[in-house]
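Reading through the structure tokens given below for one structure.
Protein chains in written order, with the numbering used here: chain A, 63 to 273; chain B, 63 to 273.
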């Protein structure tokens with residue numbers, strides 16, 4: 063059985079869990095003991111030299127980094143639409159994987175970790191950047207939805223949707239409002255309606271967001 | 063002919079230029095007028111909603127984000143080794159694309175942009191983080207080189223090498239020393255010896271680094 067080292071409150075761990083669930087793959091979640099800094103221990107650093115989670119173990123294959131785990135799972139176990147073969151579609155997915163790991167992580171996710179997990183950082187700066195990221199994504203999704211396109215990168219759900227979803231859906235834990243982003247709410251509903259969808263602590267149904 | 067919107071002093075633009083040169087593809091570099099914030103203009107935002115460069119135009123295909131451009135070029139014009147098909151190798155490359163866009167960009171590249179381009183930021187923090195990133199990469203490359211493996215992610219040069227290279231090779235512009243990283247220097251020489259290698263302002267030959 064696959065093993066996933068991670069934490070239930072980690073949005074990056076949840077990305078892997080979400081795809082595992084969409085693909086209906088059994089796995090074991092091995093919680094990382096962050097209080098005792100297990101992820102910085104010599105044993106953990108042998109799994110992942112970055113000292114971060116999630117880390118996936120699939121027999122002798124060890125994959126760290128949420129983007130790499132999504133790509134590995136999609137290519138090993140998933141239908142092609144999760145990470146398409148064609149260069150242009152693959153690049154479109156890769157663009158939004160970068161937005162997830164860069165723009166979204168450095169604003170929405172950081173604001174949440176400052177408020178919820180007492181991490182150091184400039185909350186106001188993260189909230190300000192987070193708002194611009196949400197506006198950019200709202201405009202992008204609105205123009206796609208106007209053309210009948212439901213997903214962030216391609217015509218089908220992809221790992222780009224999975225990568226962008228968690229820290230957007232969790233952003234109110236960083237005191238960033240999700241009100242008034244109609245297209246983002248439509249898109250979140252689309253993801254929540256994929257067969258196999260699971261939630262995580264802090265993510266509520268879109269109906270509770272709408273005011 | 064392909065068009066690349068970017069800047070000669072941008073390491074992210076250089077990643078695309080390096081692969082274009084390795085693949086022997088003709089292109090036109092369209093310099094972005096950053097003084098007049100061209101990358102935030104409505105026309106540029108139509109190319110890239112993030113308002114960043116590089117952006118690649120290949121006929122009607124528009125690709126933004128350096129990671130996505132590398133993937134697009136590799137899959138469209140390159141041999142498979144640049145971005146391999148097999149899930150495990152593809153994930154290995156994706157891991158180091160994430161290191162390039164996260165760990166390296168948020169430390170080595172930021173320190174350089176604070177010192178060289180007068181960007182705001184905490185220089186000392188970037189330099190401290192940059193040193194840990196270099197140590198992590200040195201250890202990773204040392205253990206690979208001990209097994210006869212020349213490249214950062216797979217058995218052949220890949221876009222992971224191209225993505226990680228520029229801001230490591232430029233890090234002394236952020237006052238972060240590259241002395242005493244023997245395996246990193248070996249690896250940089252390997253890249254510099256690939257047929258079609260081009261340099262960029264600020265990157266010197268490894269011989270000048272060794273003391």
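In this text, a Cβ means the ideal position worked out from N, Cα and C, and glycines have one as well.
Pull up the distance between the alpha-carbon of residue i and that of residue j, whole angstroms please.
i	j	result
residue 183 (chain B)	residue 176 (chain B)	6 Å
residue 81 (chain A)	residue 219 (chain A)	11 Å
residue 73 (chain B)	residue 216 (chain B)	23 Å
residue 87 (chain A)	residue 233 (chain B)	42 Å
residue 198 (chain A)	residue 194 (chain B)	33 Å
residue 91 (chain B)	residue 66 (chain B)	5 Å
residue 209 (chain A)	residue 167 (chain A)	28 Å
residue 272 (chain A)	residue 248 (chain A)	Low per-residue confidence applies at residue 272 (chain A): pLDDT is 43, beneath 50, and the placement is therefore not dependable, though the value from the model is reported in the following sentence. Near 11 Å, if we compare the C-alpha coordinates of residue 248 (chain A) and residue 272 (chain A).
residue 133 (chain A)	residue 145 (chain A)	7 Å
residue 76 (chain B)	residue 148 (chain A)	24 Å
residue 58 (chain B)	residue 181 (chain A)	There is no way to answer for residue 58 (chain B), as the model of chain B reaches only from 63 to 273.
residue 83 (chain B)	residue 252 (chain A)	41 Å
residue 278 (chain A)	residue 89 (chain B)	Here chain A covers residues 63 to 273 and nothing more, so residue 278 (chain A) does not appear.
residue 131 (chain B)	residue 162 (chain B)	14 Å
residue 196 (chain B)	residue 154 (chain A)	30 Å
residue 135 (chain A)	residue 94 (chain A)	21 Å
residue 212 (chain B)	residue 100 (chain A)	31 Å
residue 255 (chain A)	residue 111 (chain B)	27 Å
residue 246 (chain A)	residue 118 (chain B)	27 Å
residue 263 (chain A)	residue 105 (chain B)	41 Å
residue 257 (chain A)	residue 243 (chain A)	24 Å
residue 107 (chain A)	residue 98 (chain B)	45 Å
residue 187 (chain B)	residue 187 (chain A)	17 Å
Give a single yes or no on whether residue i has its beta carbon closer than 6 Å to a heavy atom of the ligand MN.
i	result
residue 184 (chain B)	Looking at this structure, you won't find the ligand MN or any other ligand, since it has none at all.
Report yes if the C-beta distance between residue i and residue j is below 7 Å; otherwise report no.
i	j	result
residue 201 (chain B)	residue 127 (chain A)	no
residue 235 (chain B)	residue 142 (chain B)	no
residue 192 (chain B)	residue 265 (chain B)	no
residue 152 (chain B)	residue 137 (chain A)	yes
residue 42 (chain B)	residue 160 (chain A)	Shown here, chain B extends from 63 to 273; a query on residue 42 (chain B) therefore has no answer.
residue 173 (chain B)	residue 189 (chain B)	yes
residue 102 (chain B)	residue 113 (chain B)	yes
Nearest CA to the CA of residue i: which residue from the options?
i	options	result
residue 64 (chain A)	A:114, A:79, A:151	A:79
residue 229 (chain B)	B:261, B:255, B:244, B:204	B:261
residue 125 (chain B)	B:109, B:225, B:189	B:109
residue 70 (chain A)	A:96, A:85, A:123	A:96
residue 123 (chain B)	A:105, A:150, A:99, A:131	A:150
residue 259 (chain A)	A:227, A:243, A:245	A:227
Give me the Cβ distance between residue i and residue j, rounded to the nearest whole Å; I'm assuming they're in contact under 8 Å.
i	j	result
residue 115 (chain B)	residue 164 (chain B)	That belief does not hold up - the Cβ atoms of residue 115 (chain B) and residue 164 (chain B) are roughly 19 Å apart, past 8 Å.
residue 222 (chain B)	residue 214 (chain B)	5 Å
residue 85 (chain A)	residue 139 (chain A)	5 Å
residue 250 (chain A)	residue 225 (chain A)	Residue 250 (chain A) to residue 225 (chain A), Cβ: 14 Å. No contact.
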